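Below: one structure, written as structure tokens.
Numbering (the working numbering), first residue to last: 30 to 371.
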């Protein structure tokens with residue numbers, strides 16, 4: 030059947046014919062050897078017939094089937110010309126929900142590094158699983174397998190990759206994957222790379238740290254500062270107190286001088302009565318007087334006094350003037366009519 034399907038695939042122009050290896054035999058080692066030999070024979074038959082399509086081995090989604098990532102990599106190493114086909118839904122189901130973060134997907138690509146592949150051929154869809162076995166494939170939105178971490182992994186490493194939608198909603202989920210990929214791309218472009226700022230310490234500070242203080246003794250690795258004599262400390266306290274007293278006295282003297290000074294005659298003493306007379310004689314500006322008058326009027330209103338206002342002349346509008354002219358002409362016309370003149 031596989032040979033016939035290979036002939037059809039080559040006629041259709043397919044590049045890869047995907048094969049599932051099958052069940053395990055007595056032991057994993059025996060199954061590895063038998064599968065590797067059967068795939069080698071299949072490859073030789075394809076080359077003898079001149080078929081251009083290559084054989085691809087897909088990862089399985091159940092514990093009883095041959096097809097972990099490591100097993101497929103070993104088969105591809107033994108048999109040349111075979112391509113690994115990574116089905117992320119199968120790996121997720123077999124690992125009982127192991128693909129959750131970007132790092133989980135990165136581990137799969139790291140396992141494929143020894144094959145030196147230029148491009149990757151993969152399948153993606155939603156999946157329902159139970160106890161490490163695949164139950165069925167589902168749409169992406171109904172599964173816990175998310176496409177965003179895979180998209181981040183692809184874009185950060187710039188992998189040349191083909192992703193086939195294996196979902197029941199083929200076209201819908203294929204477009205949905207493309208949309209998610211574009212969103213992740215936009216987010217990554219907005220994030221600016223963080224540049225670490227290296228702070229250079231000034232030379233003066235470095236020099237100060239390098240120099241040892243004169244008042245320090247080095248005992249092993251510890252530094253012990255010399256204690257200052259008690260007499261010096263007491264002397265400093267006394268000096269500080271005396272300085273504070275002198276400053277306080279100076280401030281008091283300045284305040285007393287300010288009180289005695291008069292405007293216009295600095296330094297000369299004047300009697301308090303003479304100062305009052307001078308203040309009375311000084312005329313206040315007109316603006317200030319006007320403000321005072323306005324305040325008095327307002328107070329009188331508040332007290333209850335009636336203030337009579339002159340009636341303001343109402344400006345006649347254009348319509349009012351026209352109306353008056355019309356009324357005059359009407360009266361004149363009525364007078365003439367009575368007189369018999371028309």
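Glycine included, C-beta positions come from ideal geometry on N, C-alpha and C. These figures come from a predicted structure and were not determined experimentally.
When rounded, the separation of the alpha-carbon atoms in residue 110 and residue 140 is 18 angstroms. Scanning its chain for C-beta atoms nearer than 6 angstroms, with the 5 sequence neighbours on each side dropped, one finds around residue 148 the residues 189, in chain order. Here the alpha carbon of residue 41 sits roughly 43 angstroms from the alpha carbon of residue 219. In the DSSP annotation of this structure, residue 89 is not part of any alpha helix (DSSP H), being labelled neither H nor E. In the three-state reduction of the DSSP assignment, residue 199 falls in the helix class, which pools H, G and I. Short of 6 angstroms from the beta carbon of residue 43, and not among the five residues preceding or following it, lie these beta carbons of its own chain, in chain order: 82. Taking residue 93 as reference, the option from 55, 274, 176, 367 with the minimal CA-CA separation is 55. Using a 10 angstroms sphere on the CB of residue 164, the tally of other CB atoms stays under 16, which defines it as exposed.
Between residue 59 and residue 104, the alpha-carbon positions lie close to 13 angstroms from each other. No Cβ-Cβ contact shorter than 8 angstroms links residue 91 with residue 173. Note on geometry: alpha-carbon atoms of residue 369 and residue 347 lie some 34 angstroms from one another.
Exclusion of the five residues before and after residue 191 leaves 148, 149, 150, 151 as the residues of its chain whose Cβ lies within less than 8 angstroms of its Cβ. By alpha-carbon distance to residue 180, the top candidate from 117, 365, 50 is 117. 98 is the residue among 159, 112, 98 whose C-alpha sits nearest the C-alpha of residue 137.
DSSP places residue 155 inside the beta strand (DSSP E), whose first and last residues are 155-159. The alpha carbon of residue 38 has as its nearest neighbour, out of 107, 63, 78, 145, the alpha carbon of 78. Just so you know, the alpha carbons of residue 207 and residue 194 end up roughly 11 angstroms apart. Residue state for residue 165 is assigned as strand, using DSSP reduced to three classes.
Counted as a single uninterrupted DSSP element, the stretch harbouring residue 348 is not any beta strand (DSSP E) but the alpha helix (DSSP H) occupying residues 347-368. When rounded, the separation of the alpha-carbon atoms in residue 349 and residue 355 is 10 angstroms. Counting only runs of 3+ residues, the beta strand (DSSP E) found wholly inside the segment 173-198 occupies 190-194, in chain order.
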